[in-house]
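Here the structure comes first, spelled out in structure tokens, and everything after it is commentary.
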Amino acid sequence: MNQTTFNLDLAPLTSALQDTPLAAWAEALPQTLALRLAPDSHGDLPAWLAAIDALPHIRARQIDLNAPCIRIGAPDEINADTREQIEAALRQLHPWRKGPFDVFGIHIDTEWRSDWKWDRIVRHLAPLAGRRVLDVGSGNGYFALRMIGAGAALVVAIDPMRLFLMQFEALRRFHDTGRACVLPLGIEDFPERSETFDTVFSMGVLYHRRSPLDHLYQLREALRPGGELVLETLVIPGGTGQVLVPEGRYARMRNVWFIPTVAELERWLARCGLRDIRCVDESPTTLEEQRSTDWMQFESLARSLDPADPTRTVEGYPAPRRAVLIARRP
Ligand SMILES: C[S@@+](CC[C@H](N)C(=O)[O-])C[C@H]1O[C@@H](n2cnc3c(N)ncnc32)[C@H](O)[C@@H]1O
Numbered sequence: 002m003n004q005t006t007f008n009l010d011l012a013p014l015t016s017a018l019q020d021t022p023l024a025a026w027a028e029a030l031p032q033t034l035a036l037r038l039a040p041d042s043h044g045d046l047p048a049w050l051a052a053i054d055a056l057p058h059i060r061a062r063q064i065d066l067n068a069p070c071i072r073i074g075a076p077d078e079i080n081a082d083t084r085e086q087i088e089a090a091l092r093q094l095h096p097w098r099k100g101p102f103d104v105f106g107i108h109i110d111t112e113w114r115s116d117w118k119w120d121r122i123v124r125h126l127a128p129l130a131g132r133r134v135l136d137v138g139s140g141n142g143y144f145a146l147r148m149i150g151a152g153a154a155l156v157v158a159i160d161p162m163r164l165f166l167m168q169f170e171a172l173r174r175f176h177d178t179g180r181a182c183v184l185p186l187g188i189e190d191f192p193e194r195s196e197t198f199d200t201v202f203s204m205g206v207l208y209h210r211r212s213p214l215d216h217l218y219q220l221r222e223a224l225r226p227g228g229e230l231v232l233e234t235l236v237i238p239g240g241t242g243q244v245l246v247p248e249g250r251y252a253r254m255r256n257v258w259f260i261p262t263v264a265e266l267e268r269w270l271a272r273c274g275l276r277d278i279r280c281v282d283e284s285p286t287t288l289e290e291q292r293s294t295d296w297m298q299f300e301s302l303a304r305s306l307d308p309a310d311p312t313r314t315v316e317g318y319p320a321p322r323r324a325v326l327i328a329r330r331p
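Just add 1 to wherever you are in the sequence shown, counting from 1, and you've got this note's numbering.
Right under this line is the structure:
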């Protein structure tokens with residue numbers, strides 16, 4: 002790799018998918034990604050690539066992908082100069098939203114305590130050991146690494162934001178299982194009927210979709226029969242038939258389209274042919290779980306809530322509350 006080109010090592014993925022309906026898609030990925038990662042495709046790409054280039058080529062010895070704060074390397078594996086070099090490069094990849102990570106003792110305190118979300122979800126899942134997983138809207142791959150930590154055989158993580166791929170690749174410099182990849186793609190770039198995955202995750206994505214039922218349908222079609230869907234999304238309190246469609250922004254986000262109740266969401270899932278639907282968690286998002294940090298210095302949830310009434314967003318809607326639903330493709 003140099004500062005103007007970026008080639009993902011797709012060989013492990015292509016090999017893992019060779020006997021699946023995704024084989025042809027995987028074969029064509031180099032061309033797809035060459036366009037997506039062309040040097041002039043994003044103004045910040047050269048700076049991000051330079052940051053990755055500035056990382057030393059070392060392999061971490063002590064790894065823990067099962068820890069709430071994913072650990073890649075211990076402090077005593079490197080000297081102070083190398084630590085400074087790594088930290089400076091990783092900070093070039095600001096903002097770090099999903100985590101936390103500990104990289105050779107450098108604590109990446111991310112905007113989200115993603116480990117809290119994972120804790121709410123993981124105990125309800127069919128065990129991930131040996132499973133082929135798709136994570137739609139993966140962010141920087143924090144959850145993908147936790148899935149590998151839980152024994153998944155393969156995790157295909159997709160997210161159109163190239164910065165998140167860069168963060169994943171930066172960490173991959175020090176540790177690579179060969180079993181997880183982050184691809185700079187949206188769900189719309191994914192084949193319509195792959196029926197390949199044992200578990201499909203969509204966390205924090207549904208409310209960004211203008212056609213939420215199409216999204217659910219696409220997720221279903223990525224599952225093999227009997228596979229498990231894990232859906233995490235914003236909800237409002239209330240019963241069947243109730244959906245919030247914000248007039249403009251929701252919690253200062255422009256791209257929020259549909260926020261249903263849990264009961265309505267269950268109906269949508271059933272309508273899309275999913276079965277054994279259960280809501281395993283419903284929690285408000287707290288200011289401890291999502292906040293500005295040294296590694297994510299932009300404004301965060303606190304600025305999106307009404308200072309006089311934090312149960313409301315600044316637009317007057319119910320404050321963010323998220324549910325986790327699990328369902329099975331028959
Ligand atoms: C709120 S974040 C959630 C990230 C992570 N899954 C989590 O639960 O913390 C939504 C993510 O979905 C990604 N996203 C947006 N549109 C998408 C699409 N069409 N396909 C896949 N991912 C998308 C965004 O880039 C963003 O990283």
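Ideal Cβ positions, reconstructed from N, Cα and C, are used throughout, including at glycine.
For ligand 1, is there a heavy atom less than 7 Å away from the beta-carbon of residue i?
i    : result
D333 : With the chain covering 2 to 331 only, the question about residue 333 has no answer from this structure.
I188 : yes
F299 : no
W113 : yes
E233 : yes
V206 : yes
I159 : yes
H125 : no
M167 : no
G152 : no
Would you call residue i buried or exposed, if buried means 16 or more other Cβ atoms sit within 10 Å of its Cβ?
i    : result
H58  : exposed
E170 : buried
M2   : Its pLDDT being 46, under 50, M2 is placed unreliably in this model, and the value from its coordinates should be taken loosely. M2 comes out exposed.
D65  : exposed
P185 : buried
T5   : Interpretation of T5 is limited by its pLDDT of 49, a score under 50 that renders its predicted location unreliable; the figure taken from the coordinates is listed afterwards. Exposed is the call here.
T241 : exposed
G131 : exposed
L18  : buried
Q168 : buried
A158 : buried
G138 : buried
Would you kindly report the start and end of the unbroken beta strand (DSSP E) that includes residue i?
i    : result
P238 : Run containing P238: none; DSSP gives neither H nor E here.
L326 : 322-329
T312 : 310-314
What are the boundary residues of the alpha helix (DSSP H) that residue i is part of?
i    : result
H43  : Here H43 belongs to no alpha helix (DSSP H), and DSSP marks it neither H nor E.
R147 : 143-150
D215 : 213-223
Given the structure, does residue i come close to ligand 3, in the sense that its CB is under 7 Å from one of the ligand's heavy atoms?
i    : result
V236 : Looking at this structure, you won't find ligand 3 anywhere; what it does contain is ligand 1.
Any beta-carbon of chain B closer than 8 Å to the one on residue i?
i    : result
Y218 : Note that chain B does not occur in the displayed structure, where there is just one protein chain.
Quiz prompt | Inside the region 159-206 only - beta strand (DSSP E) runs reaching at least 3 residues | solution = For the region 159-206, whole beta strand (DSSP E) runs of length 3 or above, ordered along the chain, are 181-184, 198-204.
- Item | 4 or more residues per run - each alpha helix (DSSP H) lying fully within the region 47-119 | You should have 81-92.
Completely contained beta strand (DSSP E) runs for the region 245-298, where each covers 3 or more residues:
Taking only runs of at least 3 residues, the beta strand (DSSP E) segments lying wholly in the region 245-298 are 276-285.
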